[in-house]
Structure formats: C-alpha cells, structure tokens
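Residue numbers (our numbering): 487 to 609.
Written out as structure tokens, the structure is:
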C-alpha cells in the first residue's frame, strides 16, 4: 500500500482493510467516474457486492467519494475533489469530467450532468 493511501486512512480516521484499499487504489488512478462493474474488474482483491457498497457508502459519508446516477441507471463513483459537471454521450455512453463555473447557488450542488453527443460520435 502506498504511503499516500496510508495517509488517507489516517486523515479520515478509518480502519484499513484490503477491500477499502483496493477500491481507493482503483479510484485514485481512474481518469473518469467508474461503475461498480468497472471498479470490480480492476480491483486487486475480490469482494461481494454488499461489501463493495458498504465501503462506498462509508467513503461517501466521509466525503471521500462522490457518486451520481447515469442514464444507464448505474451509479458511477469518483474520488471527491471539487464540484464539477459530467458529460455523458448519449450514443457511446462515455462519461467525461468537465470544469464548469456553476456561479452562485444557494444551497449545495451535488451533481451536474450534461448529455449530448461527444466529438467522436458526432463525426
């Protein structure tokens, strides 16, 4: 386990488990939000779906992970950073992160999803 990952467990004051470390390792190197199935195939350890979602719920409650539902009715997960938008191509279903100024909003914005056709599918 990397020193950076050890620091995350200490910072959030959560117990280290190989399941938690495996999930965080996958999300740490991801370039875009990932579904359960995508995370599962990249993890170094095997775990059942209940264990995965129990750990994801813990990460979300601590503010470590952000999730949103896509148009394919799947949840997608990523490490929390700043609030940003996600663009979902309605043809190939690729998800990309976008930096968008949301301006002044009273309240808390938790998800911004834009849909359309990506450049590759539009050509």
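For glycine and all other residues, C-beta sits at the position ideal for the given N, C-alpha and C.
Within 10 angstroms of the Cβ of residue i, are there 16 or more other Cβ atoms? Answer buried if so, exposed if not.
i           : result
residue 552 : buried
residue 564 : buried
residue 585 : exposed
residue 494 : buried
With the cut-off set at 8 Å, would you say residue i and residue j are in Cβ contact?
i           : j           : result
residue 583 : residue 607 : no
residue 530 : residue 508 : yes
residue 538 : residue 522 : yes
How many angstroms separate the CA atom of residue i from the CA atom of residue j?
i           : j           : result
residue 592 : residue 558 : 29 Å
residue 602 : residue 580 : 11 Å
residue 597 : residue 571 : 7 Å
DSSP three-state label for residue i, please.
i           : result
residue 516 : coil
residue 508 : helix
residue 572 : strand
Considering Cα atoms alone, identify which of the options is closest to residue i.
i           : options               : result
residue 569 : 525, 540, 503 and 599 : 599
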